[in-house]
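A.B. asks: Structure incoming, see below.
Put into structure tokens, the structure is as follows:
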């Protein structure tokens, strides 16, 4: 097993204090007020912290307005709306993640995945703001897709690098899908059936590290492989990616702001809060295509 790259995730910051929460990924960032004016050097350190930790979060940010949320998210890239999410009225870039206490539909975001990889330019990052959260429950878990690649054997890494994968939203939004079971806007089935191709192994545009770019809801098959071969390899890679040593989870409090890298990290909504209300707002960045390693 090839050891992953060891980096110091705390050193060299002048404007932030970065406190990792696990050996795999994730860090709390302290000593910064997101509602204030962030100079470019601080923004650069925030981009570095996200690239190295893949998940960064900030406590006690309840005074961050929706306008401030949008401005902060732009630290990490160009704004990009997700077509199947509802926006806040008057704030088109701020989109709603809400679950009512009596909602019995399938939990949106369960299972490890990247968001919306059926798009030609899948989202690069998501800035999440906790507005109303249960006293406990409703955490988000994450998995490090750098490690998912780096802990494979060199032979497997070399074999995977030229491969491409087909992504689509068929399962959720395509022809014959029951779109009523999830709390999202409906999509034209023809759009849900549309397929796009992304590399299996990509190189991160900020860190330069390689990562696996596959996920259960949207990756339908590997190009050039027989169906049974594709299914078996996808199953192995996705189970490998989700092993406990690659994961961490974040617990929300009102006023928590969290940013995750939607390319090099998987995330998973944990639905352990039946009968409780949860309301989050998110701003998404994107607009670029994943590049081959």
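Numbering (our numbering), first residue to last: -14 to 278. Ideal Cβ placement from N, Cα and C applies to all residues, glycine included.
Could you please give the first and the last residue of the uninterrupted beta strand (DSSP E) stretch that includes residue 205?
C.D. replies: Counting along the chain, the beta strand (DSSP E) containing residue 205 begins and ends at 204 to 207.
A.B. asks: Let me know if residue 38 comes out buried or exposed under the rule of 16 or more other beta-carbons within 10 Å of its beta-carbon.
C.D. replies: It is buried - the Cβ of residue 38 has at least 16 other Cβ atoms within 10 Å.
A.B. asks: Report buried or exposed for residue 31, applying the criterion of at least 16 other Cβ atoms within 10 angstroms of its Cβ.
C.D. replies: Buried, since its Cβ has 16 or more Cβ neighbours within 10 Å.
A.B. asks: What is the DSSP secondary structure of residue 25, counted as helix, strand or coil?
C.D. replies: Residue 25: helix per DSSP, three-state reduction.
A.B. asks: Report the CB separation of residue 242 from residue 64 in whole angstroms; it is logged as a contact under 8 Å.
C.D. replies: Actually they do not touch by this definition, with Cβ atoms about 16 Å apart.
A.B. asks: Could you spell out where the alpha helix (DSSP H) holding residue 130 opens and where it closes?
C.D. replies: Counting along the chain, the alpha helix (DSSP H) containing residue 130 begins and ends at 130 to 135.
A.B. asks: Got a sec, what are the start and stop residues for the beta strand (DSSP E) residue 84 sits in?
C.D. replies: Note, residue 84: beta strand (DSSP E), 76 to 84.
A.B. asks: Just to confirm before moving on: does the CB-CB distance between residue 235 and residue 40 stay below 8 Å?
C.D. replies: Yes, Cβ-Cβ distance for residue 235 and residue 40 is below 8 Å.
A.B. asks: Under three-state DSSP, which class holds residue 48?
C.D. replies: If DSSP states are grouped into helix, strand and coil, residue 48 belongs with coil.
A.B. asks: Counting C-beta neighbours from all protein chains within 10 Å, is the total for residue 286 16 or more, i.e. buried, or is it exposed?
C.D. replies: It is not possible to answer for residue 286, since the shown part of the chain is limited to -14 through 278.
A.B. asks: Could you tell me the alpha carbon to alpha carbon distance between residue 181 and residue -1, rounded to whole angstroms?
C.D. replies: Approximately 41 Å between the Cα atoms of the pair.
A.B. asks: Taking its Cβ as the centre, do 16 or more other Cβ atoms sit within 10 Å of residue 85, making it buried, or is it exposed?
C.D. replies: Under this definition residue 85 is an exposed residue.
A.B. asks: Thinking just about the alpha-carbon of each residue, which of 266, 231 and 263 is nearest to the one in residue 9?
C.D. replies: The residue with the shortest Cα to Cα distance from residue 9 is 231.
A.B. asks: Run through DSSP, which three-state label would residue 156 get?
C.D. replies: Helix, per DSSP.
A.B. asks: Where DSSP assigns a beta bridge to residue 243, which residues make up the other side?
C.D. replies: BP columns for residue 243 point to 42 and 113.
A.B. asks: Alpha carbons only, please: which of 36, 217, 162 and 189 is nearest the one belonging to residue 273?
C.D. replies: The residue with the shortest Cα to Cα distance from residue 273 is 189.
A.B. asks: Taking the straight line between their C-alpha atoms, what separation do you get for residue 260 and residue 82?
C.D. replies: Spanning the two alpha carbons is a distance of roughly 16 Å.
A.B. asks: Helix or strand or just coil, what does DSSP make of residue 271?
C.D. replies: In this structure, residue 271 counts as strand in the three-state DSSP scheme.
A.B. asks: Out of curiosity, what's the CA-to-CA distance linking residue -12 and residue 131?
C.D. replies: Its pLDDT being 47, under 50, residue -12 is placed unreliably by the model, and nothing is read from it.
A.B. asks: Identify the continuous beta strand (DSSP E) that holds residue 233 and give its terminal residues.
C.D. replies: That run of the beta strand (DSSP E) goes 232 to 235.
A.B. asks: Apply the 10 Å Cβ neighbour rule to residue 245 and answer buried if 16 or more other Cβ atoms are within range, or exposed otherwise.
C.D. replies: Per the 10 Å Cβ criterion, buried.
A.B. asks: Does residue -13 come out as helix, strand or coil in the three-state DSSP assignment?
C.D. replies: Residue placement at residue -13 is poorly supported in this model, since its pLDDT is 43, which falls under 50; the coordinates still yield a value, given next. It is coil, neither helix nor strand.
A.B. asks: What are the boundary residues of the beta strand (DSSP E) that includes residue 0?
C.D. replies: Segment: none, residue 0 is in no beta strand (DSSP E) and carries neither H nor E.
A.B. asks: What do you reckon, are the CB atoms on residue 233 and residue 7 nearer than 8 Å?
C.D. replies: Yes, these two residues count as a Cβ contact at 8 Å.
A.B. asks: So, are the CB atoms of residue 5 and residue -4 less than 8 Å apart?
C.D. replies: No.
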